[in-house]
Amino acid sequence: MESIGVLMACPMNTYLEQELEKRFNLHKFWTVPEKSAFLTTHKNSIRAVVGNAFAGADAELIEALPKLEIVASFSVGLDKIDLAKCKEKGIRVTNTPDVLTDDVADLAIGLMLAVLRRLCESDRYVRSGKWKKGDYKLTTKFSGKRVGIIGLGRIGLAIAKRAEAFSCPINYFARTEKPEIKYKYYPSVVELAANSDILVVACALTEETRHIINREVIDALGPKGVLINIGRGPHVDEPELVSALVEGRLGGAGLDVFEHEPEVPEELFGLENVVLLPHVGSGTIETRQAMADLVIGNLEAHFLNKPLLTPVV
Amino acid sequence: MATAQEEELPLVLVHRIPNFDFPFKHRLQAQFRLLDPLDSVPPESTHSFISRHAASVRVLLCVDPTPISRDLLSLLPSLQLIVCSSAGVDHVDLIECRRRSIAVTNAGKAFSPDVADLAVGLLIDVLRRVSAGDRYVRAGLWARNGEYPLGFKILLKHQFSNAFGKRVGIVGLGSIGGEIAKRLESFGCAIGYNSRRKKPSVPFPWYKTAYDLAINSDILIVCCALTEETRHIVNKDVMVALGKGGVIINVGRGALIDEKELVQLLVQGELGGAGLDVFENEPDVPEELFSLNNVVLSPHCAVATPECFDALEELITANLKAFFSSKPLQSVVEFD
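Written out as structure tokens, the structure reads:
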């Protein structure tokens, strides 16, 4: 397989790079200065693209690679891949489901606790030596708060399971009501927000879910409500969220993702009721390795004409 | 002077230090006649105030963390119950209480969910580097330096690799420890515990000593009561047994851990991380910890939520009412 050209869209994981280099003729797209000249030179040898949440395969790249057979994404979300184009051209697409579900759900609960119990603010308070000067202020209890989940897929369900252990009533919004689920369904995000203390975004990013958190939803959540986003940045109308937080119209937010990563609105840096993370939902050593193994496993299966491990298209 | 109506209410002696008061005093006053030496007019010493009322006092309400010594107890010959507003009762002379059959209740039940929440929050924070990640983003380093170093997985087992994940050892499986276990089970963590005696109704493996527990754990959560036997229950040997990747969470009392050794091991990289809500000499926190990214520090605020104080008020009121109507008490401290 050493002669098969594999294009890695952006840096994502050192272990994955090393393992791909052992097996394939790996091209690191981000190190290439003249992208179009490079694509012209290698268009007949590149048969696979490895993408992730930041860079994948858009229509332009797919058109530039006539021998492309498979796009293996080092992510569960596929919003950086033109799926329709892949389908049309018979290009296979794989992702890394399940392996990151628990990590993302763990982090969602971690963000809820961090925002309500002001963990990061407390840590700053102690480190700055302010504790010696006075008493720390009260925070908000987490156990028993109403948790509203947008998108009850694998990740949403894993969040629900954990929140239940904290005696939190669970409600959800999804495109359709799931009859086998015991949680209460709301047919709109605004209604879900109005009946939640904590609203968590756990759906896939699609055209319909872009800015699913808009001004109306934020207002329904209200000045005591907390928004958690472990989905994708564009799920949230970020300028609306920032102004609601700055004006105190929203109680708090725990954000692992942003609209223009790695840019984060600086207005948030001074707020005590927000927790800001650099998109680390699946960022554990153990999970990234499992994800990498899955990307390699899918590519090997494809080129050995075996069934793909986690096909999407 | 108390009015005739107040005279009819059951008498409760309040024991507190001047800067510790409780916000629901006025509501208790509607149901009980509260005697508070600090409110006496003209000012009177606690000793003489208590001596004057000694014979009639059957119940003492102790506002955290006012010490209750053998001497104080000797002034109160009719005392039958001490209602404490804290979870830990290391400030009460329990040996004397046991000798005189004075019942002691704590805030355990009211505080447990909040303390357990904080313990889990600290654990996720340490393992997934939440506070450190937040610092990284706020300092503008994400845009400048790129991807943040990875954190560590919380789960027990992976679907695609058979690598074993985190085993959590709980030191002290009382009301708080039980709430922590319940929460962490939903994350898929394997639970073990250490306590004086094996609890027959608990399904988790029991370890006779903190050391045995540490050998079989990746994470140690300390939430037992502070007594003479449990002081420094987490000593250097226990921490070394936990290993280089080990994480310690303390939501009990600072003195449960040998803090000097803990700091040393963390600074030398011999321990994976720590989440600490309590310290040996509060509010002094060892400054060596301030520059470490694998520790999360919290100013003894595990119970600092309004919901927690509401639950405490409810519990104290219920226990006082139960006592005066000869009903069973809740959150009773077990003597050895």
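Heads up: the protein sequence lines correspond to chains A and S, in order. The first sequence begins at 1 in the UniProt record's numbering and counts up one residue at a time. The second sequence begins at 1 in the UniProt record's numbering and counts up one residue at a time. Ideal Cβ placement from N, Cα and C applies to all residues, glycine included.
For Ala165 of chain A, the closest Cβ of chain S is nearer than 8 Å. Runs of the alpha helix (DSSP H) spanning 4 or more residues and lying entirely within the stretch 85 to 121 of chain S occur at 94 to 99, in chain order. Residue-level contact by beta carbon fails for Phe49 of chain S and chain A, as no gap is shorter than 8 Å. For the C-beta of Ala114 of chain A, the chain S residues within less than 9 Å are, from N- to C-terminus, Gly121, Ile124, Asp125, Val130, Ser131 and Asp134. Three or more Cβ pairs drawn from the stretch 284 to 301 of chain S and the stretch 126 to 146 of chain S lie within less than 8 Å of each other, which places the two stretches in contact.
Under the three-state reduction of DSSP output, Asn235 of chain S falls in the coil class, being neither helix nor strand. By the rule that beta-carbons nearer than 8 Å mark a contact, Ile149 of chain A does not touch chain S. Judged by beta-carbon spacing, Gly254 of chain S lies within the 8 Å limit of Glu280 of chain S, meaning their Cβ atoms are closer than that value.
Asp79 of chain A and Ala53 of chain A have their alpha carbons spaced roughly 7 Å apart.
Under the 8 Å criterion on CB atoms, Gly283 of chain A is classed as interfacial with respect to chain S.
For Ser73 of chain A, DSSP records a beta bridge to A:Gly51. Taking every protein chain shown into account, the CB of His260 of chain A has fewer than 16 other CB atoms within 10 angstroms, so this residue is exposed. Per the C-alpha coordinates, the member of S:Leu297, S:Ser86 and S:Ile102 positioned closest to Pro77 of chain S is S:Ile102. When C-beta distances to chain A are compared with 9 Å, the residues of the stretch 176 to 188 of chain S below that value are Glu179, Lys182, Arg183, Leu184, Glu185, Ser186, Phe187 and Gly188, in chain order. Out of A:Ser122, A:Lys141 and A:Thr139, the CA that lies nearest to the CA of Lys132 of chain A is found in A:Ser122. Taking C-beta separations shorter than 6 Å and ignoring five residues to either side along the sequence, the partners of Ala119 of chain S in its chain run Ile180, Ile221, Ile249 and Val251, following chain order. Annotation: Asn229 of chain A is outside any alpha helix (DSSP H); the continuous beta strand (DSSP E) that includes it extends over Val226 to Asn229. Under the Cβ criterion of 8 Å, Ala143 of chain S is counted among the residues facing chain A. Per the C-alpha coordinates, the member of S:Ala143, S:Val115 and S:Phe324 positioned closest to Gly177 of chain S is S:Val115. DSSP places Val247 of chain S in the uninterrupted beta strand (DSSP E) bounded by Val247 to Asn250. Here Val41 of chain S is exposed: its Cβ has fewer than 16 other Cβ atoms, across all protein chains shown, within 10 Å.
Under the three-state reduction of DSSP output, Asp64 of chain S falls in the coil class, being neither helix nor strand. Leaving aside the five residues that flank Ile257 of chain S on each side, the residues in its chain whose CB is nearer than 6 Å to its CB run, in chain order, Val234 and Asn250.
In terms of Cβ geometry, Ile198 of chain A and Val226 of chain A form a close pair [threshold 8 Å]. Put simply, the backbone Cα of His211 of chain A is about 46 Å away from that of Gly243 of chain S. Residue contact check for Thr46 of chain S against chain A: no CB pair falls below 8 Å.
The beta-carbon of Ser143 of chain A is placed less than 8 Å from the nearest beta-carbon of chain S.
Remark: C-beta atoms of Tyr183 of chain A and Asn171 of chain A approach each other more closely than 8 Å. Put simply, of S:Glu147, S:Gly188 and S:Pro149 the residue whose alpha carbon is nearest the alpha carbon of Ala158 of chain A is S:Gly188.
S:Leu81 is the residue among S:Leu81, S:Ala87 and S:Lys109 whose C-alpha sits nearest the C-alpha of Cys97 of chain S. The shortest C-alpha to C-alpha distance from Gly254 of chain A to any of A:Glu266, A:Val274 and A:Val236 is the one to A:Val274. If you look at Arg16 of chain S, you'll find it isn't in any alpha helix (DSSP H); DSSP assigns it neither H nor E. Burial state of Ile228 of chain A is buried, judged by a 10 Å Cβ sphere holding 16 or more other Cβ atoms.
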